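Enquirer: Just passing along the structure, written as structure tokens.
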Amino acid sequence: MRGRRIAGTLLLLVLLLGAVVGTYRSVRPVDDDPARRLAAELRCPACQGESVADSRSPIAAAMRDVITAQLGQGRSPDEIRTYLVRRYGAEVLSAPPARGWGLALWLVPVLALGAGAFPAVHAYRRHRRPAAAGSRPRAADAVVRPAGPSRPAVSAGRVWTAGAVTVLVLVGGVAVAAPRLADTSRPARPPDPAASADPVPDLLALARTMEEQNRYEVAAEIYRTALHQQPADEIRLRLAFTLIRIGQAAEATRLAEAVLASRPDTPDALLMLGLAQRGNDPTASTRTLRRFLDRAPGHPAAAEIRHLVGSG
Amino acid sequence: MTGTSHRRRLPGRLALRRRWVPLLALLGIGALGATMAVRVADPESGTDGSPVSAPGAPPPPLTGHSLSGTPVDLAGLRGRVVVVNLFASWCGPCRDELPLLAETRRRWTSRDLQVIAVAVRDSTTAVRALLAETGAEELTVLPDPAGATAVNWGAFGVPETFLVDREGRIADRATGPVTAKWLDRHLTPLLGIP
Chain A
91 MRGRRIAGTL LLLVLLLGAV VGTYRSVRPV DDDPARRLAA ELRCPACQGE SVADSRSPIA
151 AAMRDVITAQ LGQGRSPDEI RTYLVRRYGA EVLSAPPARG WGLALWLVPV LALGAGAFPA
211 VHAYRRHRRP AAAGSRPRAA DAVVRPAGPS RPAVSAGRVW TAGAVTVLVL VGGVAVAAPR
271 LADTSRPARP PDPAASADPV PDLLALARTM EEQNRYEVAA EIYRTALHQQ PADEIRLRLA
331 FTLIRIGQAA EATRLAEAVL ASRPDTPDAL LMLGLAQRGN DPTASTRTLR RFLDRAPGHP
391 AAAEIRHLVG SG
Chain H
5 MTGTSHRRRL PGRLALRRRW VPLLALLGIG ALGATMAVRV ADPESGTDGS PVSAPGAPPP
65 PLTGHSLSGT PVDLAGLRGR VVVVNLFASW CGPCRDELPL LAETRRRWTS RDLQVIAVAV
125 RDSTTAVRAL LAETGAEELT VLPDPAGATA VNWGAFGVPE TFLVDREGRI ADRATGPVTA
185 KWLDRHLTPL LGIP
């Protein structure tokens with residue numbers, strides 16, 4: 091009997107601990123990264139029960155990149171949520187809005203917990219009282235037995251009934267509320283600019299994100315796509331820099347030379363050309379980098395390049 | 005648990021009714037669960053599904069340069085039927101599907117059919133290799149290296165296929181690989197083939 095009690099208490103403690111840890115994990119702020127926080131509160135549309143932040147599915151990865159890129163363009167989390175809801179439906183939002191009909195969904199678990207806990211506590215107390223008084227423990231199950239001066243015996247049964255009725259009402263409430271919730275949470279907004287217009291700023295923001303994550307191959311791929319859309323010198327130079335990082339100096343050299351051909355002595359182009367030449371032609375590289383220093387002594391990279399040319 | 009005790013104390017009919025209440029509650033919960041399961045399982049019934057690429061809606065923009073360097077703009081293809089297929093070389097079913105798409109394009113190109121394949125989160129080298137391997141080199145392929153186009157179209161993954169009709173509206177979409185039967189049933193009517 092005692093062993094069973096200890097085992098029961100232990101089990102209860104483990105369950106409680108699990109509940110506390112689970113609750114903590116679901117409510118704690120994930121971290122300071124706003125993109126990750128937003129991704130954590132969105133459901134991955136291609137998987138079951140995973141957030142966009144946690145899922146390994148390619149579409150979730152793409153959504154994370156889109157979120158980062160749009161935040162980088164100054165779009166608010168609300169705008170991004172709306173953008174994704176218009177594509178994946180209200181189901182991508184893992185938390186229903188806590189207003190209007192959405193509030194019902196928040197209240198239901200609390201009410202259900204109360205409705206379940208009250209009779210349970212009540213029954214437990216009734217179970218203990220006769221046991222403490224020294225009567226046969228098994229007899230405590232028979233709730234009809236008048237077991238103390240406080241309450242009439244039938245009340246536990248009534249409480250169960252009341253609890254059951256409450257659950258029924260709640261279930262009915264949810265059944266009525268759910269479709270309306272779906273209606274009200276559908277955003278009634280005009281199409282946002284992300285759905286139209288120029289894809290190049292999106293691509294550049296994405297490429298920058300990839301660079302921050304040290305995924306230079308993907309970044310180079312994106313810069314190439316952007317360059318197709320808009321053959322701009324700035325994109326050429328960004329692509330060149332990414333290519334230098336992954337050791338594709340030949341293509342980087344060509345890009346920098348193309349920029350210099352149309353705009354001679356552009357400091358950034360000289361810088362990229364100089365860096366690209368370093369592997370194959372150190373003399374030409376030093377010459378180019380010196381020219382870069384002549385043109386732009388105040389460039390953010392100048393100090394480092396001075397050091398590089400001085401020592402090399 | 006309390007059933008026998010009730011029966012002893014309460015008039016029979018009332019006791020019976022009380023025993024029914026928890027059962028009804030359980031049935032209610034079951035019914036709710038079933039309703040939700042059906043709603044989840046059947047994307048068609050969810051009226052709040054993705055409105056951007058739902059049938060009848062104008063498709064999201066699709067512009068860029070194909071792998072071969074030619075400019076592509078879906079908006080400029082009004083008057084033609086367009087199959088937009090999202091694929092990737094890292095996706096097995098896409099590999100199986102590409103020959104069918106290439107064959108479909110060859111077959112109906114005289115009926116103004118255009119196929120645009122969007123390579124989602126893939127490198128151009130891998131895509132070129134896949135096209136060569138599956139004999140689908142002549143497909144117009146738009147790179148989507150970060151998957152931004154796929155998200156903008158509300159795609160759930162690859163492969164996914166959208167049919168755009170001659171009026172420039174989304175006529176149908178298929179999540180997962182398409183079959184010859186599916187194309188027969190959904191694409192040929194758009195082409196005006198009986």
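Respectively, the protein sequence lines represent chains A and H. All letters in the first sequence, in the order written, are residues 91 to 402 by this note's numbering. All letters in the second sequence, in the order written, are residues 5 to 198 by this note's numbering. Glycine included, each C-beta is placed from N, C-alpha and C at the ideal position. Quick caveat, the model's predicted, so the values are computed rather than measured.
#1: Is DSSP giving Q118/H helix, strand or coil here?
#2: Once DSSP output is grouped into helix, strand and coil, what is the label at A150/H?
#3: Tell me whether the beta-carbon of A152/H lies closer than 8 Å to the beta-carbon of D292/A.
#4: Alpha carbon to alpha carbon, how far is I312/A from V290/A? Give it in angstroms, no decimals.
#5: For the segment 87-101 of chain H against the segment 120-133 of chain H, are there 3 or more C-beta pairs whose distance is under 8 Å?
#6: Should L187/H and V85/H be called a contact, given that it needs their Cβ atoms to be closer than 8 Å?
#7: Taking the C-alpha atoms as reference points, what is the distance between P354/A and N304/A?
#8: Comparing the C-beta of S184/A with each C-beta of chain H, is any distance below 8 Å?
#9: Does the beta carbon of L36/H sit closer than 8 Å to a beta carbon anywhere in chain A?
#10: Using only the alpha-carbon positions, how far apart do L398/A and Q118/H sit?
#11: Would you list the residues sitting across from L81/H in a DSSP beta bridge?
#12: Can you pull the chain H residues whose beta carbon is under 9 Å from the beta carbon of P148/A, in chain order?
#13: In or out: D155/A buried (at least 16 other Cβ within 10 Å) or exposed?
#14: Given a threshold of 16 other Cβ atoms within 10 Å of its Cβ, counted over all protein chains shown, does W24/H qualify as buried or as exposed?
#15: Can you tell me which of G83/H, L104/H, E101/H and I33/H puts its alpha carbon nearest to the alpha carbon of R170/H?
#16: May I have the straight-line CA-CA distance separating Q163/A from A295/A, to the nearest angstrom?
#17: Let me check understanding here. Comparing Cα to Cα, which of P181/H, T144/H and A175/H lies closest to I120/H?
#18: Would you kindly report the start and end of the unbroken alpha helix (DSSP H) that includes V142/A?
#19: Along the segment 120-145 of chain A, where does the CB come closer than 9 Å to a CB of chain H? Name the residues.
#20: Starting from the Cα of L174/A, find the closest Cα among A159/A, M153/A and L203/A and give me that residue.
#21: Cutting at 6 Å between CB atoms, please list the residues of its own chain near G238/A, excluding the five before and the five after it.
#22: Give the range of the beta strand (DSSP E) segment to which L167/H is assigned.
#23: Assuming A207/A contacts I157/A under a Cβ cut-off of 8 Å, what Cβ separation, rounded to an integer in Å, is found between them?
#24: With H69/H as the anchor, note down where its beta strand (DSSP E) starts and where it stops.
#25: Considering only the alpha carbon of each residue, which of P357/A, L345/A, L258/A and A316/A lies closest to A29/H?
#26: Compute the Euclidean distance between the alpha carbons of T183/H and E101/H, then round it to the nearest angstrom.
#27: So, under 8 Å CB-CB, P149/H and V308/A are touching, yes? Tell me the CB distance rounded to an integer number of Å.
Expert: Judging by the given coordinates:
#1: Counted from its first residue, the second sequence places residue 118/H at position 114. Here Q118/H sits in strand by DSSP.
#2: Taking the second sequence and counting its residues from 1, the one referred to as residue 150/H is at position 146. Three-state result, A150/H: coil.
#3: Indexing the second sequence from 1 puts residue 152/H at position 148. Indexing the first sequence from 1 puts residue 292/A at position 202. Their beta carbons are under 8 Å apart, which means A152/H touches D292/A by this criterion.
#4: For the purposes of this step, residue 290/A is taken as the residue at position 200 of the first sequence. For the purposes of this step, residue 312/A is taken as the residue at position 222 of the first sequence. Between V290/A and I312/A, the C-alpha separation is close to 10 Å.
#5: yes
#6: Position 183 of the second sequence holds residue 187/H. Position 81 of the second sequence holds residue 85/H. Cβ atoms of L187/H and V85/H: not closer than 8 Å.
#7: Mapped onto the first sequence, residue 354/A falls at position 264. Mapped onto the first sequence, residue 304/A falls at position 214. Computed Cα separation, rounded: 31 Å.
#8: The residue labelled residue 184/A in the question sits at position 94 within the first sequence. No - not a single Cβ of chain H is within 8 Å of the one on S184/A.
#9: Residue 36/H sits at position 32 when you count from the first residue of the second sequence. It does: the Cβ of L36/H has a partner Cβ on chain A nearer than 8 Å.
#10: Translated into the one-based positions of the first sequence, residue 398/A becomes position 308. Translated into the one-based positions of the second sequence, residue 118/H becomes position 114. Straight-line Cα distance between these residues: approximately 54 Å.
#11: If you number the second sequence from 1, residue 81/H lands on position 77. The partner list for L81/H (beta bridge, DSSP) is empty, contrary to what the question assumes.
#12: Translated into the one-based positions of the first sequence, residue 148/A becomes position 58. What P148/A touches in chain H: A92, W94, C95, V124, R125, G151, A154, G161 and V162.
#13: Position 65 of the first sequence, counting from 1, holds the residue named residue 155/A. By the neighbour-count rule (16 or more Cβ atoms within 10 Å), D155/A is buried.
#14: Here residue 24/H refers to the residue found at position 20 when the second sequence is read from its first residue. Classification of W24/H: exposed, given that the 10 Å Cβ count is below 16.
#15: On the second sequence, position 166 is the one that residue 170/H refers to. Comparing Cα-Cα distances from R170/H to each of G83/H, L104/H, E101/H and I33/H, the minimum goes to G83/H.
#16: Locating residue 163/A in the first sequence gives position 73, where the first residue counts as 1. Locating residue 295/A in the first sequence gives position 205, where the first residue counts as 1. Cα-Cα distance, rounded: 7 Å.
#17: Taking the second sequence and counting its residues from 1, one reaches residue 120/H at position 116. It is T144/H.
#18: As a position in the first sequence, residue 142/A is number 52, starting the count at 1. That residue, V142/A, is in no alpha helix (DSSP H); it is neither H nor E in DSSP.
#19: P135 and A136
#20: Looking up residue 174/A in the first sequence gives position 84. Here the closest residue by C-alpha is M153/A.
#21: In the first sequence, the residue the question calls residue 238/A occupies position 148. Low confidence applies to G238/A: its pLDDT is 49, below 50, so where it sits in the model is not reliable enough to give any reading.
#22: Taking the second sequence and counting its residues from 1, the one referred to as residue 167/H is at position 163. Taken as a continuous stretch (DSSP letters only), the beta strand (DSSP E) holding L167/H covers E164 to V168.
#23: Counting from 1 along the first sequence, the entry for residue 207/A is found at position 117. Counting from 1 along the first sequence, the entry for residue 157/A is found at position 67. About 39 Å; that fails the 8 Å criterion.
#24: Position 65 of the second sequence, counting from 1, holds the residue named residue 69/H. Counting along the chain, the beta strand (DSSP E) containing H69/H begins and ends at T67 to H69.
#25: Locating residue 29/H in the second sequence gives position 25, counting from the first residue. For A29/H, the nearest C-alpha among the options comes from L258/A.
#26: As a working note, residue 183/H is residue 179 in the second sequence. As a working note, residue 101/H is residue 97 in the second sequence. Spanning the two alpha carbons is a distance of roughly 8 Å.
#27: Indexing the second sequence from 1 puts residue 149/H at position 145. Indexing the first sequence from 1 puts residue 308/A at position 218. So it is a contact: roughly 6 Å between Cβ atoms.
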